[in-house]
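Going by UniProt numbering, the residue at position 145 of the sequence shown is 145; the numbering climbs one at a time, nothing skipped.
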Amino acid sequence: MSRVLIIGAGGVAAVTVKKCARLPQYFDEIYLASRTVSKCEALQKEVGEDRVKGVFALDADNAKEVEDLINQVKPELVINLALPYQDLPIMDACLATKTHYLDTANYEPKDEAKFEYSWQWEYQKKFEDAGIMALLGSGFDPGVTNLFTAYAAKHHFDEIHYLDIVDCNGGDHGQAFATNFNPEINIREITQRGKFWENGEWKETDPLSVREDLDYQNIGVRASYLMYHEELESLVKHFPSLKRARFWMTFGDAYLTHLRVLEAVGMTRIDPIEFQGQQVVPLEFLKAVLPNPGSLAEGYTGMTCIGTYITGVKDGKEKTIFVFNNCDHAKTNEEVGAQAVSYTTGVPAMIGSMLMLNGTWMKPGVWNMEQFDPDPFLDQLNQHGLPWQVIECDESPFKR
Ligand code: NDP
């Protein structure tokens with residue numbers, strides 16, 4: 001029996017709240033806080049006041065405000081589903097109140113896109129000394145992709161050597177241009193330089209300049225572009241046998257054309273500009289005019305395929321496996337009124353929380369997902385709407 005405080009009330013949080021609400025044996029009392037309290041109230045109305053016991057307006061950039069709310073609610077765990085900018089203030093508040101912490105994205109400073117864990121890893125000793133735990137990146141990628149890698153290393157290989165994480169959204173939401181999660185974070189991620197790990201060092205590429213056409217299960221061939229993604233940093237640290245680790249995401253031509261135009265005219269800039277006497281960050285303004293990812297669910301067709309290709313050695317022989325999940329936008333909409341990208345993030349956030357609260361994954365300190373036994377989590381994934389599969393490949397689809 002546990003009390004949780006969920007921070008954020010966007011596309012991902014809506015899924016986590018609804019999933020947690022169905023499991024009173026783990027999430028006895030749910031409290032919800034976010035910048036715009038009306039979004040919390042709407043979710044509370046949908047789920048019921050008997051499950052979401054209280055809602056609060058909160059500016060989670062302010063650690064003291066978060067600390068005061070934690071002292072008021074007294075949760076065992078804070079589930080941070082706001083934006084990466086809020087990770088550190090929320091972790092500070094958890095430290096001050098000795099409360100466990102979980103998130104789905106690494107901390108980001110507002111003025112520079114970094115996508116790295118350094119700031120949060122700094123909290124390892126402080127969390128350990130306080131006897132509390134932080135679970136970092138409990139979404140799909142990062143999150144489940146880390147566990148697919150850990151599962152492969154545990155059950156299928158003596159040593160893993162090559163890792164390619166692939167993220168395909170084969171769906172169609174019918175909009176000219178929209179992102180499937182927070183537009184500001186998504187566009188920061190896509191427009192940064194590409195980076196991958198090879199032979200003990202990071203190598204950089206121009207943004208979206210390296211392409212492979214990959215065949216995705218139940219979707220077909222899609223153009224896939226190499227980009228940097230945060231789980232690569234923790235995976236190469238925790239699996240030092242990796243000779244190469246890369247991340248690929250699919251983009252359609254129309255999406256890329258829109259993105260290039262937006263970049264060319266300066267709309268993806270993250271530095272403030274002066275506009276009519278006010279400081280405006282172009283990307284924040286762009287976010288305000290783009291469709292809200294949470295609103296895309298109705299009429300969204302097709303599915304996602306996210307997984308990891310892993311090549312390694314077993315009993316002296318090289319082999320490749322693909323561990324993946326397909327998630328259908330229409331089915332997730334039917335189940336919880338959300339599109340598949342919110343769903344594939346919100347469900348792992350619920351499962352990570354469940355495993356912390358029931359003690360399966362409880363250990364003081366700051367941890368990435370692959371530092372725990374992947375099996376209990378992957379079992380739960382099968383039970384809560386995200387079944388996964390393993391395919392033995394004849395050969396890796398990637399050129400060496
Ligand atoms: P949304 O923009 O839909 O939701 C973010 C929520 O956080 C909004 O309710 C927003 O409030 C709230 N928020 C923003 N700033 C603050 C603040 N200062 N204080 C309190 N609340 C605040 O984003 P998503 O739901 O799409 O994404 C949520 C998180 O999940 C992001 O960090 C994203 O990077 C991560 N993510 C992780 C994935 C993974 O696989 N690991 C995949 C997809 C997303 P308001 O309503 O006022 O804007």
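Ideal Cβ positions, reconstructed from N, Cα and C, are used throughout, including at glycine.
Residue 305 is bridged by DSSP to 168, 326. Judged by beta-carbon spacing, residue 43 lies beyond the 7 Å limit of residue 15, meaning their Cβ atoms are not closer than that value.
The DSSP assignment places 365 to 368 as complete runs of the beta strand (DSSP E) inside the stretch 344 to 384, in order along the chain (cut-off: 3 residues). Residue side-chain check: residue 9 places its Cβ nearer than 6 Å to a non-hydrogen atom of the ligand NDP. Counting along the chain, no beta strand (DSSP E) covers residue 123, and no H or E run does either. Within the stretch 159 to 216, the complete alpha helix (DSSP H) segments at least 4 residues long are 183 to 191, listed from N- to C-terminus.
Setting aside the 5 residues that flank it on each side, residue 191 is surrounded in the same chain by 207, 263, 268, each with a C-beta closer than 7 Å to its C-beta; the list follows chain order. For the options 79, 322, 352, 369, the alpha carbon positioned closest to that of residue 389 is the one of 322. DSSP lists 312 as the bridge partner or partners of residue 319. When the beta-carbon positions are compared, residue 84 and residue 107 come within less than 7 Å of each other. As the crow flies, the alpha-carbon of residue 186 is around 30 Å from that of residue 320.
Assignment of beta-bridge partners to residue 92 by DSSP yields no partner.
CA-CA distance, residue 7 to residue 13, rounds to 8 Å. Of the heavy atoms belonging to the ligand NDP, none sits nearer than 6 Å to the Cβ of residue 106. Residue 357 is not a Cβ neighbour of residue 101, given a cutoff of 7 Å. If the five residues before and after residue 159 are omitted, its C-beta is found closer than 6 Å to the C-beta atoms of 241, 312, 313, all from its own chain and listed in chain order.
A distance criterion of 6 Å places the beta-carbon of residue 19 beyond contact range of the ligand NDP, judged by its closest non-hydrogen atom.
Residue 113 carries a coil assignment under DSSP once its states are collapsed to helix, strand and coil. Under the 8 Å Cβ criterion, the stretch 228 to 241 counts as touching the stretch 115 to 122, having at least three qualifying pairs. In this structure, residue 148 has its beta carbon at no less than 6 Å from each heavy atom of the ligand NDP.
Distance from the C-beta of residue 134 to the nearest heavy atom of the ligand NDP is not below 6 Å. Excluding its 5 nearest sequence neighbours in each direction, residue 304 has C-beta neighbours in its own chain below 6 Å: 169, 327, 340, listed in chain order.
For residue 318 and residue 51, the gap between their C-alpha atoms comes out near 50 Å. Exclusion of residue 57 from the 6 Å shell around the ligand NDP follows from its C-beta lying no nearer than that to any non-hydrogen atom of the ligand.
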